[in-house]
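Student:
Residue numbers (this note's numbering): 55 to 376.
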C-alpha cells in the first residue's frame with residue numbers, strides 16, 4: 055500500500071512539529087542558564103528569563119511546533135501523527151548531547167534507534183486518511199453509537215477519578231493524574247482533528263465555520279485542554295518528571311489510537327498483517343521512549359571514585375593520630 059499525498063503532508067508536518075518542539079526545550083534551557091548567570095534563576099522563583107531572547111526563541115519554536123502538530127491531524131490519521139511525537143524526545147536528547155553537553159548514554163542511543171525504527175514502520179504501513187468533504191461528516195462519525203459509548207465511558211471514568219480517587223490517592227498514585235490527562239487527551243485529539251479538517255476545508259474554499267458542529271468541537275478542544283493542563287501540572291508538581299513523561303506518553307498515545315479506531319475506523323481498509331506491523335512499530339516506539347527516559351541521566355553521573363582499601367597498619371596509625 056503506497057503512502058497517500060495527504061499522509062505525506064501529515065508526515066512532514068508531524069516531523070516538523072517534533073523538530074521544533076524538541077529544539078524548543080534546548081533553546082529555552084539555554085535561555086534559562088544565561089538568565090540564571092545574570093539574575094535569580096527560575097528554580098528560585100526568579101523571572102530574569104523573561105528578558106532573555108533565547109528563552110523567547112524557544113517559546114516561539116514550541117508554538118510553531120504545536121501549530122504544525124495541530125495541522126498534521128487535518129491530513130493524516132492519528133495512528134500516524136500521534137506516535138511520531140516520540141521523535142521530539144530524540145531531537146531533544148541529541149541536541150542536548152551536542153549543545154548542552156548532557157552526554158547521551160549508549161542505552162539512550164539505543165532508545166533513539168528504537169524510536170526511529172518504530173516510527174519508520176508505522177509511516178510505511180499507516181492507513182490512508184479518510185476523505186471528508188464536510189465537518190458534518192465528522193459529526194456523523196462522532197455521534198455513532200460506538201464513539202458515543204466511548205465518550206460516556208471516558209466521562210464517567212474522569213468524573214470518578216476527579217471526585218473520588220484524586221482526594222484520596224492523588225498525592226501517592228501517579229496513575230490517577232495521568233489517567234485523567236490521557237482519557238481527556240484522547241477526546242481532545244479527536245476534536246482537534248475535527249477542527250483541523252474544518253480549517254483545511256475552509257482554506258480550500260468551503261466555509262465550515264457556518265456550522266455549529268465546528269464551534270462545538272472548538273469548545274470541546276478548549277475545555278479538554280484546560281482540564282489536561284491542570285492535572286498534568288499536578289502530576290509534574292507531585293511526581294518525578296522522568297516518570298511522568300513516559301507513562302503519560304504511553305497512556306495518551308494508546309488511548310488516542312484506540313479512540314481514532316472507534317471514531318474514524320482507520321484500520322477498516324487494512325489486513326491483519328498491516329495492523330500487526332503497525333502494532334509492532336508502536337510497541338517499538340514505546341520501548342525506545344522508556345529506555346530514553348530511564349537512562350537519560352546515566353551519561354551525566356559523576357564517575358565513581360575508586361575506593362581506598364586501608365591496611366591494618368594504616369588503621370592503627372589513624373587511631374594513634376586521633
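Glycine included, every Cβ here is placed at the ideal spot set by N, Cα and C.
Once you ignore the five residues that flank residue 362 on each side, which residues in its own chain have a CB closer than 7 angstroms to its CB?
Tutor: Because residue 362 sits at a pLDDT of 48, beneath the cut-off of 50, its placement in the model cannot be relied upon, and the following sentence gives the value as read from the coordinates. Excluding sequence neighbours, residue 362 sits near nothing in its chain.
Student: Using the three-state DSSP reduction, which class does residue 402 fall into: helix, strand or coil?
Tutor: As displayed, the chain neither begins before 55 nor continues past 376, which places residue 402 out of reach and without an answer.
Student: Counting only the same chain and skipping the five closest in sequence on each side, list residues whose C-beta sits under 6 angstroms from that of residue 78.
Tutor: These residues qualify, in order along the chain: 112, 115 and 116.
Student: Would you report the Cα separation of residue 260 and residue 188, rounded to the nearest angstrom?
Tutor: The straight-line gap from Cα to Cα measures roughly 8 angstroms.
Student: Quick one, which of 64, 157, 106 and 59 has its alpha-carbon nearest residue 82's?
Tutor: For the residues 64, 157, 106 and 59, the minimum Cα distance to residue 82 belongs to 106.
Student: Do you know whose CA, among 184, 196 and 285, lies nearest residue 215's CA?
Tutor: Closest option to residue 215, Cα to Cα, is 285.
Student: In angstroms, rounded to a whole number, what distance separates the CA positions of residue 257 and residue 126?
Tutor: Taking the straight line joining both Cα atoms gives about 15 angstroms.
Student: Measure from the alpha carbon of residue 347 to the alpha carbon of each residue in 177, 88 and 146, then state which is nearest.
Tutor: Here the closest residue by C-alpha is 146.
Student: To the nearest angstrom, report how far apart residue 230 and residue 73 are at their CA atoms.
Tutor: Distance between the alpha carbons of residue 230 and residue 73 is about 31 angstroms.
Student: Expressed to the nearest angstrom, what Euclidean distance is found between the alpha-carbon atoms of residue 332 and residue 207?
Tutor: C-alpha separation (whole angstroms): 26 angstroms.
Student: Report yes if the C-beta distance between residue 320 and residue 137 is below 9 angstroms; otherwise report no.
Tutor: For residue 320 and residue 137, no; Cβs fall outside 9 angstroms.
Student: Within the same chain, show all residues whose beta-carbon is closer than 7 angstroms to that of residue 142, passing over the 5 residues directly before and after it, in chain order.
Tutor: Once the five neighbours on either side are set aside, the close Cβ partners of residue 142 are 72, 75 and 76.
Student: For the segment 305-317 against the segment 264-277, do three or more pairs of beta-carbon atoms, one drawn from each stretch, fall closer than 8 angstroms, so that the two count as touching?
Tutor: Too few Cβ pairs lie closer than 8 angstroms, so no.
Student: Between the Cα of residue 318 and the Cα atoms of 202, 67 and 166, which residue gives the shortest distance?
Tutor: The option with the nearest alpha carbon to residue 318 is 202.
Student: Just verifying my parser: in three-state terms, what is the DSSP assignment at residue 264?
Tutor: If DSSP states are grouped into helix, strand and coil, residue 264 belongs with coil.
Student: For residue 60 and residue 129, which I take to be in contact (beta-carbon distance under 8 angstroms), what is that distance rounded to the nearest angstrom?
Tutor: Sure, about 5 angstroms apart at Cβ, within 8 angstroms.
Student: Please report the residue range of the alpha helix (DSSP H) in which residue 92 lies.
Tutor: That run of the alpha helix (DSSP H) goes 59-92.
Student: Can you tell me which of 334, 344 and 299 puts its alpha carbon nearest to the alpha carbon of residue 178?
Tutor: It is 334 whose Cα lies nearest to the Cα of residue 178.
Student: Which residue comes first and which comes last in the alpha helix (DSSP H) that contains residue 225?
Tutor: Per DSSP, residue 225 belongs to no alpha helix (DSSP H) and is neither H nor E.
Student: Quick check on DSSP: helix, strand or coil for residue 130?
Tutor: Correct three-state label for residue 130: coil.
Student: Quick one: measure Cβ to Cβ for residue 162 and residue 349, integer angstroms, because I've assumed they're closer than 8 angstroms.
Tutor: The Cβ separation is near 5 angstroms, so the contact holds.
Student: Buried or exposed, going by whether 16 or more other CB atoms sit within 10 Å of the CB of residue 119?
Tutor: The residue is buried, with at least 16 neighbouring Cβ atoms inside 10 Å.
Student: How close, in whole Å, do the beta carbons of residue 148 and residue 166 come, if the pair is a contact with beta carbons under 8 angstroms?
Tutor: Contact holds; Cβ gap of about 7 angstroms.
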